[in-house]
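Worksheet for the structure shown next.
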Amino acid sequence: MVEAPIEDKRITLKEAAKLIPDGAHLFWGGFGFQRPPMAFAHELVRQKKRNLTVYTCGSEIDIDILSGAYVVSRFELAFFAIEGIGLAPNIQRRIREGAIQIEDYTNLAMALRFLGGALGVPFMPLKSMLGTDLIAKTKFRPKKAEVITCPFTGEKVVLVPSVRPDFSIVHVSRVDREGNAQIDGIKGEDVEGARAGKKVIVLAEEIVDTEFIRSQPDQTAIPNIYVNYVVECPWGAYPMMVYNYYDYDMEHVRMYYQQCKTEEGWQKYCEEYITGVEDHMEFLKKIGMERLLKLRAKKPFPY
Amino acid sequence: MDKNYAKLGEFTTLELMAVCGARAIKNGEVVFVGTGLPMIAAMLAKRTHAPNAKIVYEAGFIDSNAIDIALSIADSRLGYRASAAIGLIETLGLLLQGGHVDVGFVGAAQIDEYGNINTTYIGDFENPTVRLPGSGGGNDIVSSAKRIVIIMTHEKRKMVKKLDYLTSPGFLDGPKAREKAGLLGGGPSLVVTNLCQMDFDPETKRIRLATIHPGVTLQQILDNIGFDLIVPENVPTTEPPTYEELVILRAIDPHGIYIPRQG
Chain A
11 MVEAPIEDKR ITLKEAAKLI PDGAHLFWGG FGFQRPPMAF AHELVRQKKR NLTVYTCGSE
71 IDIDILSGAY VVSRFELAFF AIEGIGLAPN IQRRIREGAI QIEDYTNLAM ALRFLGGALG
131 VPFMPLKSML GTDLIAKTKF RPKKAEVITC PFTGEKVVLV PSVRPDFSIV HVSRVDREGN
191 AQIDGIKGED VEGARAGKKV IVLAEEIVDT EFIRSQPDQT AIPNIYVNYV VECPWGAYPM
251 MVYNYYDYDM EHVRMYYQQC KTEEGWQKYC EEYITGVEDH MEFLKKIGME RLLKLRAKKP
311 FPY
Chain B
41 MDKNYAKLGE FTTLELMAVC GARAIKNGEV VFVGTGLPMI AAMLAKRTHA PNAKIVYEAG
101 FIDSNAIDIA LSIADSRLGY RASAAIGLIE TLGLLLQGGH VDVGFVGAAQ IDEYGNINTT
161 YIGDFENPTV RLPGSGGGND IVSSAKRIVI IMTHEKRKMV KKLDYLTSPG FLDGPKAREK
221 AGLLGGGPSL VVTNLCQMDF DPETKRIRLA TIHPGVTLQQ ILDNIGFDLI VPENVPTTEP
281 PTYEELVILR AIDPHGIYIP RQG
């Protein structure tokens, strides 16, 4: 009997970010404070990527950083803010400058657009957005959504265009070398989003043995067939949270928010924590192991 | 059992608003909430008159039994003793659009007299004064939940004749407009502010004064509203919080994250 060799899709964070050309379209994973690909955002800033288009449901500091550093010029999304604290400071400024444009959808509409892309169909129907400016007003898409009469029932339905981005970027709990990924806690729109991209990069808190994944295949959220690259990236969502792994660092989040209210403050943050450090490991060293360990999830709580 | 009501000065306006929100939830209902006051209101309802209410958070937490205050709708705290942690298509698609959600709570930067909501732009669409967070799941919830509770502060610039941007659909431009647009849900049923509670006239679908908070005058309410409010002949005073509700409420948010302590 022939034993299948285990395919090794591991690359470094730097190598992963290098794959993204200027002008690329990305699905951006994570939801709210949960599992944002923060380390990947930092690396895109370090590599001075430009003119990206990002598709996501709702994101926070991660996309605020991408906006502050002029990495992204267009978003199609449903929500951005720093929840529980205030508006996303860099995005506000870049909108005023005209450096970024946002096409607004709802969370369900975006999640369905990813599902549509993953299914290989050109649009998806839904019952949100009807009667509102989300349909009436558009920023840059020639066609954003279309209300039709259902050919079967005669009821009104909204069609939204599917999304098939160049890359899907997701940060998960654990993955094996082949790219079988498990996500603890809520999945947000990552299950559909990871399947929508033409190429998929999975970043993970830890790399585990393939045998571990194969002993509990029901826990796999993204099977290896969809995944092109795997990046080991512990604390990759810091200062936000990863379910069962670590809590958010509210002190850092608040500091970010306060400091980034001014352009000078943002430039200082960016220099100190992103461009001024060599890589993700140097960033973590700067935060300090003692501080990080205090954030470790404490059973029976997932935070 | 006689209700032991707290007296004016013994509770804050935010505490009263949370209690109003909680009372809008019936036992056994499926409740869709976000963070902030709605989350506190739902937690209070579960600990008082509605222990079988099922709280759903759009990020994917279903039937949450959180004991700590969450800052994000995707906060791991909401996973504590939840019945499921799935994703957005499950919560906003299958549960909500599928018709399983009884009541949804939302906030608003602006509302108009038909309960239409703006959470996207203040000012001009092309040249906005402030770009707000956007719909998130707000439009989905307001489109498809059986009824909607809006919690917001009562200010003239927030209660306007014409919205700067219509994010989430109230009764649009009046009776039958939701049905004509093809919307599934029942629309807004209650607005809780720092001054009063308002509901909607069943005939005209326009916003109507329902109860006035203790210590507030009708004139205060009218002075702080930018559209014509329907004022019925006899408007009762809002039922104050009971001492029991206040004790439970203060234990839910012991550090005053969403409801700061008085003084």
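First to last, the sequence lines map onto chains A and B. First residue of the first sequence: 11, per this note's numbering; consecutive thereafter. First residue of the second sequence: 41, per this note's numbering; consecutive thereafter. Virtual Cβ for every residue (Gly too), placed ideally from N, Cα, C. All figures in this text were calculated on a predicted structure; none of them were measured in a lab.
For Ile126/B, the chain A residues whose Cβ falls inside 8 angstroms of its Cβ are Ile196, Lys197, in order along the chain. Rounded to whole angstroms, Thr244/B and Gly130/A show a C-alpha spacing of 45 angstroms. Contact with chain B is absent for Lys278/A, since none of that chain's Cβ atoms lies less than 8 angstroms from the residue's Cβ.
If you draw a straight line from the Cα of Leu294/A to the Cα of Trp245/A, it comes to about 8 angstroms.
A straight line joining the alpha-carbon of Lys147/A with that of Glu153/B spans about 22 angstroms.
Following the DSSP letters along the chain, one finds Gln237/B inside the beta strand (DSSP E) bounded by residues 236-240. Listed along chain B is no residue with a C-beta nearer than 7 angstroms to that of Pro161/A; the closest approach is about 14 angstroms. For Ala214/A, the enclosing beta strand (DSSP E) stretches over residues 209-217. Val146/B and Val200/B do not touch by the CB rule: their CB atoms are close to 17 angstroms apart, not below 8 angstroms. Chain-ordered listing is empty here: chain A has no CB closer than 7 angstroms to the CB of Asp103/B, the nearest sitting near 13 angstroms. The beta-carbon of Leu213/A is placed no less than 8 angstroms from the nearest beta-carbon of chain B. In this structure, DSSP gives Asn264/B a state outside helix and strand, which the three-state scheme calls coil. Taking a C-beta distance under 8 angstroms as the contact criterion, Ile113/B and Ser104/B do not qualify as a contact pair.
Closest in C-alpha terms to Leu36/A, from the list Gly42/A, Gln44/A, Leu23/A, Phe50/A, comes Phe50/A. Ranking Glu221/A, Arg187/A, Gly195/A, Lys308/A by CA distance to the CA of Ile211/A puts Arg187/A first.
For Thr75/B, the nearest beta carbon of chain A is closer than 8 angstroms to its own beta carbon.
CA-CA distance, Ile297/B to Thr142/A, rounds to 33 angstroms.
An exposed status is given to Asp268/B, since fewer than 16 other beta-carbon atoms sit within 10 Å of its beta-carbon. Cβ contact annotation for Val287/A (same chain, cutoff 7 angstroms, sequence separation greater than five): Phe293, Lys296, in chain order.
Annotation for Tyr161/B: the continuous beta strand (DSSP E) segment containing it runs 161-163. In the same chain as Cys60/B, and ignoring 5 residues on each side of it, the C-beta atoms closer than 7 angstroms to its own belong to Val232, Gln237, Thr278, in chain order.
Closer than 8 angstroms to the CB of Thr207/B there is at least one CB belonging to chain A. Close to Ala204/A, with beta-carbon spacing below 7 angstroms, lies no residue of chain B; the smallest spacing is near 11 angstroms. For the pair of segments examined, the region 230-243 of chain A was found to touch the region 175-190 of chain A: the number of CB pairs separated by less than 8 angstroms reaches three. Within a 10 Å sphere around the beta-carbon of Gln150/B sit 16 or more other beta-carbons, which makes this residue buried. Along the region 24-52 of chain A, going in chain order, the ones with a CB nearer than 9 angstroms to a CB of chain B are Gly40, Phe41, Gly42, Phe43, Gln44, Arg45. By the C-beta density criterion, Cys160/A is exposed, having fewer than 16 other C-beta atoms within 10 angstroms. Taking a beta-carbon distance threshold of 8 angstroms, Gln260/B does not count as an interface residue toward chain A.
By the Cβ test, the region 171-182 of chain B is in contact with the region 204-223 of chain B, since at least three Cβ pairs between them sit closer than 8 angstroms. Neighbours of Gly68/A in chain B, taken as residues at a C-beta separation under 7 angstroms, are given in chain order as Gly176. The contact set of Gln102/A on chain B, defined by CB atoms closer than 8 angstroms, consists of Val170, Arg171 in chain order. C-alpha of Arg104/A to C-alpha of Ser77/A: approximately 7 angstroms in a straight line. The continuous alpha helix (DSSP H) containing Phe222/A extends over residues 220-224. Counting the other CB atoms within 10 Å of its CB gives Met299/A a total below 16, which places it among the exposed residues.
Look at Leu54/A here: in three-state DSSP terms it is helix. Of all residues in the region 131-146 of chain A, those with a C-beta nearer than 9 angstroms to a C-beta of chain B are Leu136, Lys137, Ser138, Met139, Leu140, Gly141, Thr142, Asp143, Leu144, Ala146, reading in chain order.
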